[in-house]
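For reference, the structure discussed in these notes is given below.
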Amino acid sequence: MRYAVAVPEITSNTKDNLDKILSMMSEASISGADIVLFPETVLTGLNICDDYDIDRQLAYPLESVPVQAIIDNAAKCRMWTAFGFLELSDTTIFDSAVLVDANGKIVLHQRRMSPGWRAKNANPLQYGSGASLSTAITPWGKTAILICGDLFETAFPQAVDAKFDLLLFPFDRCFSRQVTEPQKQWNNVEWIDYSARIKQISALTLMSNYILTFPP
Numbered sequence: 000m001r002y003a004v005a006v007p008e009i010t011s012n013t014k015d016n017l018d019k020i021l022s023m024m025s026e027a028s029i030s031g032a033d034i035v036l037f038p039e040t041v042l043t044g045l046n047i048c049d050d051y052d053i054d055r056q057l058a059y060p061l062e063s064v065p066v067q068a069i070i071d072n073a074a075k076c077r078m079w080t081a082f083g084f085l086e087l088s089d090t091t092i093f094d095s096a097v098l099v100d101a102n103g104k105i106v107l108h109q110r111r112m113s114p115g116w117r118a119k120n121a122n123p124l125q126y127g128s129g130a131s132l133s134t135a136i137t138p139w140g141k142t143a144i145l146i147c148g149d150l151f152e153t154a155f156p157q158a159v160d161a162k163f164d165l166l167l168f169p170f171d172r173c174f175s176r177q178v179t180e181p182q183k184q185w186n187n188v189e190w191i192d193y194s195a196r197i198k199q200i201s202a203l204t205l206m207s208n209y210i211l212t213f214p215p
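All residue numbers for the sequence shown refer to numbering that gives the first Met the number 0, where the first residue is 0 and numbers rise by one.
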């Protein structure tokens with residue numbers, strides 16, 4: 000089995016982001032990958048401002064054109080694909096991720112349980128959370144998705160107890176402008192914490208962050 004982790008450059012242009020995603024999927028497939036992982040909120044970046052009317056424009060239903068384009072391309076490429084996106088379900092926004100099989104079928108649909116992606120006082124009817132950790136049997140065994148802060152909060156004890164074989168971890172880790180050497184901060188501080196928790200889960204883990212490029 001060959002694994003691919005995609006690290007796209009994300010801008011404020013959703014169409015450009017989608018084009019990059021589809022192109023990287025094709026590249027991974029041509030390279031012989033059986034599965035590819037994309038980051039959290041890969042269509043838009045986690046660019047919410049806690050104004051519901053604005054943030055809602057960044058969220059897409061499962062059946063929306065951009066989300067379905069990725070799902071359809073997974074079938075076209077004959078490659079398992081996992082990706083995160085801001086999901087709109089009825090009127091509620093979720094920080095979600097799905098795993099799609101090589102036939103274009105969603106086999107895992109996970110919603111982030113940890114609240115760190117939204118304001119503390121956010122209306123739960125507008126900004127929702129997942130209720131539990133889901134798993135699926137895949138060619139790699141028992142498989143699960145944790146999204147960003149789920150590695151550190153609500154879902155982590157469930158993940159340790161679940162004893163699965165493959166963990167897909169789409170995330171969005173960024174640093175403030177005060178951090179002058181972000182790669183050094185990641186290598187010497189952040190990675191130590193992340194890796195310690197991943198070791199407790201004891202599963203083969205694929206992680207994907209993105210490069211964020213928004214105009215000032």
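C-beta: ideal position from N, C-alpha, C; glycine also.
- For the pair residue 59 and residue 42, the CB atoms are nearer than the 8 angstroms cut-off.
- For residue 110, the enclosing beta strand (DSSP E) has its first and last residue at 105 to 110.
- When the beta-carbon positions are compared, residue 53 and residue 2 stay at least 8 angstroms from each other.
- Restricting attention to 164, 112, 61, 96, the CA atom closest to the CA of residue 140 is found in 164.
- Excluding five sequence positions before and after residue 51, the CB atoms of its chain that fall closer than 6 angstroms to its own CB belong to 125, given in chain order.
- Within the model, the alpha-carbon separation for residue 28 versus residue 101 is close to 11 angstroms.
- Taking a cut-off of 8 angstroms for Cβ pairs, the stretch 184 to 191 and the stretch 156 to 171 do not touch, as fewer than three such pairs fall below it.
- Take residue 18, set aside five residues on each side of it, and no residue of its chain has a beta-carbon closer than 7 angstroms to its own.
- In the structure shown, residue 189 adopts helical secondary structure according to DSSP, grouped into three states.
- The continuous alpha helix (DSSP H) containing residue 21 extends over residues 13 to 29.
- The criterion of a C-beta distance shorter than 8 angstroms is not satisfied by residue 166 and residue 133.
- With fewer than 16 other CB atoms across the displayed protein chains lying within 10 angstroms of its CB, residue 122 is exposed.
- In the three-state reduction of the DSSP assignment, residue 148 falls in the helix class, which pools H, G and I.
- Counted as a single uninterrupted DSSP element, the stretch harbouring residue 2 is not any alpha helix (DSSP H) but the beta strand (DSSP E) occupying residues 2 to 4.
- For residue 121, the secondary structure class from DSSP, reduced to helix, strand or coil, is coil.
- If you check the CB distance, residue 47 and residue 96 do not come in under 8 angstroms.
- Taking all protein chains in view, the Cβ of residue 149 is crowded by 16 or more other Cβ atoms within 10 Å, so the residue is classified as buried.
- Ranked by Cα distance from residue 11, the first of 30, 25, 31, 45 is 45.
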